[in-house]
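Encoded as structure tokens, the structure appears first; notes follow it.
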Amino acid sequence: MVQIKRNYKFESGGTVYRCKRIRKNGKPCNKLEFTSKRKEHNNRHKGAIIASAKNIDSERQYEEKLRRENSGALVFQTGTECGPPDIVMYKNGKLSFYEVKPTGKGNDSLLKADQAKWIKKNCLRNNIDVYIVHYKCRTKKFTFVKKKLSKKNISMYES
Ligand SMILES: [Zn+2]
Numbered sequence: 339m340v341q342i343k344r345n346y347k348f349e350s351g352g353t354v355y356r357c358k359r360i361r362k363n364g365k366p367c368n369k370l371e372f373t374s375k376r377k378e379h380n381n382r383h384k385g386a387i388i389a390s391a392k393n394i395d396s397e398r399q400y401e402e403k404l405r406r407e408n409s410g411a412l413v414f415q416t417g418t419e420c421g422p423p424d425i426v427m428y429k430n431g432k433l434s435f436y437e438v439k440p441t442g443k444g445n446d447s448l449l450k451a452d453q454a455k456w457i458k459k460n461c462l463r464n465n466i467d468v469y470i471v472h473y474k475c476r477t478k479k480f481t482f483v484k485k486k487l488s489k490k491n492i493s494m495y496e497s
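Taking the working numbering, the leading residue of the sequence shown gets 339, the next gets one more, and so forth.
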């Protein structure tokens with residue numbers, strides 16, 4: 339027996355619900371999940387929110403760091419456009435780009451396909467310096483490790 343209501347009942351037992359939480363992209367999650375796993379599922383949303391807040395914070399903090407260490411340079415975030423790295427610096431007539439990622443083994447720590455493509459086309463081909471910056475976050479303190487990207491090593495950082 340299947341009830342098409344807010345809660346679904348299956349013969350196999352256990353109710354499921356449809357998650358209506360709004361995700362980062364502004365759309366509802368819409369996933370069917372067992373009611374017994376609601377807490378676990380909600381925690382996954384919470385984790386995603388914390389992760390995205392950390393990403394935003396890490397970019398802002400790295401921008402501040404670049405500004406502190408390069409007085410007189412023009413440093414700004416590129417915004418939400420797909421492709422260009424998060425931060426650009428213009429110093430002594432030279433451009434450099436910085437893509438900030440969490441440290442780790444997953445795809446989040448690597449360049450997305452459109453980012454790698456943009457970097458190859460616009461930076462590496464034109465000899466513009468570009469760095470991948472990995473952050474670690476303990477409590478509220480961020481540490482950063484930057485690595486210069488090149489035609490030779492970029493494939494190591496592609497997801
Ligand atoms: Zn959900």
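Don't be surprised by glycine CBs; every beta carbon is placed ideally from N, CA and C.
Note that the structure is predicted; figures quoted are calculated from it, not measured.
Cβ atoms of residue j and residue i: under 7 Å apart, would you say?
{"i": "L412", "j": "I466", "result": "no"}
{"i": "N445", "j": "S493", "result": "no"}
{"i": "Y469", "j": "K450", "result": "no"}
{"i": "S390", "j": "K362", "result": "yes"}
{"i": "T441", "j": "V426", "result": "no"}
{"i": "Y400", "j": "L448", "result": "no"}
{"i": "D452", "j": "C475", "result": "no"}
{"i": "N498", "j": "K377", "result": "As displayed, the chain neither begins before 339 nor continues past 497, which places residue 498 out of reach and without an answer."}
{"i": "H472", "j": "K443", "result": "no"}
Tell me where the beta strand (DSSP E) around residue i begins and ends.
{"i": "D467", "result": "D467 to R476"}
{"i": "K486", "result": "K479 to K486"}
{"i": "P440", "result": "K432 to P440"}
{"i": "L370", "result": "L370 to F372"}
{"i": "L412", "result": "L412 to Q415"}
For residue i, which three-state DSSP category applies?
{"i": "E407", "result": "helix"}
{"i": "R337", "result": "The structure shown has nothing for residue 337, since the chain only spans 339 to 497."}
{"i": "E378", "result": "helix"}
{"i": "E402", "result": "helix"}
{"i": "E419", "result": "coil"}
Output the boundary residues of the alpha helix (DSSP H) element that contains residue i.
{"i": "I425", "result": "Careful: I425 lies outside any alpha helix (DSSP H), inside the beta strand (DSSP E) at I425 to K429."}
{"i": "K459", "result": "A451 to N460"}
- Task: Specify which residues have a beta carbon nearer than 6 Å to any heavy atom of ligand 1, listing them in chain order.
- Result: Matched residues: C357, R359, C367, K369, H379 and H383.
- Item | Contact between the stretch 367-377 and the stretch 396-408 (3+ Cβ pairs under 8 Å) | no
- Would you call the stretch 374-383 and the stretch 447-464 touching, i.e. three or more CB-CB distances under 8 Å? no
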